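Encoded as structure tokens, the structure appears first; notes follow it.
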Amino acid sequence: MVISLALLRVGGLNLFMTKSAYTYHLDEIRYRCVYFFGSWLMTFGVCYVYAHAFIKFLVAPLSSYKVNHLIYTHVLEAFQAHLYISVCASLVFVSAYAIYQFICFHAPGWSRTQATQYWRGWFVWLCWSLVSLWVGYALVPYVLGFFLTYGTNQPGLVIELEPRVYPYISMSIWIVLSVYLSLQIPYAGFYVGAYIPPRRLAFYRPVVWVCCLLVGALISPPDIWSQSVLASGFACLYESFLLACEVSKSYKRVYEEKKST
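Using the working numbering, you'd call the opening residue of the sequence shown number 1 and step up by one each time.
Take a look at the structure:
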């Protein structure tokens, strides 16, 4: 990050200061994308070296159920697990640098008030993202406990868990990612509510519910119960988005009233 920033300030911007504003911005975007990609490659290399530590971190919830080993049934499965978790971890770490590049590209056009608001919003989003990731990781043991209740150890029938490394890593990451996105939706609604009237979003509620039913039918098993539960989850996310928009509108109204007085 430090090296790319120095190159951008010293050698990158001065090369095209005499060009038009449009070409200048295109070149700046290109340089920032190149530096971001280079930073991601370096981050990926570091994460790949420490992939065992990330796997150990994700396997920790299994220890409460007396499962302390993972198996693989394909010669490439362990390698795929290391590669998969390295890519995911590197994207998480390098996302901070991507936000930094985005802010540096837009910051010259901000006023002092806008800069204060944007920096405050980014800081709150970063804190909320960390909380969301922690909540997602904290829910992994409970999700595992639910699925492990279907195992049994009775005479004549033994169903025990022998977790494979790649499916388990993939499932854990998807649990964390799903919880993260679910908690980000209300946060996004709080900021979108200042620009989009909540009544307009509420007007399309029937259409959204029908779309939720269709999506639930497409990605869930062919039974009414699973489709209804999944569609209800999507609908609840939309309702939380609407609620956050309404709270944002009320907050903006109160803020403007206090400012006018």
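Backbone N, C-alpha and C fix where the C-beta goes; we use that ideal spot for every residue, glycine too. Computed from a predicted model, the values in this text were never measured in an experiment.
Of the candidates 162, 31, 169, the residue whose Cα lies closest to the Cα of residue 57 is 169. Judged by pairs of C-beta atoms under 8 Å, the segment 52-67 touches the segment 144-164, as three or more such pairs exist.
Sequence-distant partners of residue 92 (beyond 5 residues in either direction) whose C-beta falls short of 7 Å from its own C-beta are missing from its chain. If you draw a straight line from the Cα of residue 191 to the Cα of residue 205, it is about 20 Å long. Listed in chain order, the alpha helix (DSSP H) elements of length 4 or more contained wholly in the segment 180-223 are 198-203, 205-219. In the three-state DSSP reduction, residue 70 falls in the coil class, being neither helix nor strand. DSSP lists 154 as the beta-bridge partner residues of residue 157.
Residue 166 counts as buried, since at least 16 other C-beta atoms from the protein chains shown sit within 10 angstroms of its C-beta.
The beta-carbon separation of residue 197 and residue 144, rounded to 42 Å, does not stay under the 8 Å limit for a contact. For residue 149, no alpha helix (DSSP H) segment is defined, and its DSSP state is neither H nor E. For the pair residue 175 and residue 140, the CB atoms are nearer than the 7 Å cut-off. Straight-line spacing of the CA atoms in residue 226 and residue 113 works out to 49 Å.
The residue among 163, 184, 252 with its C-alpha nearest the C-alpha of residue 193 is 252.
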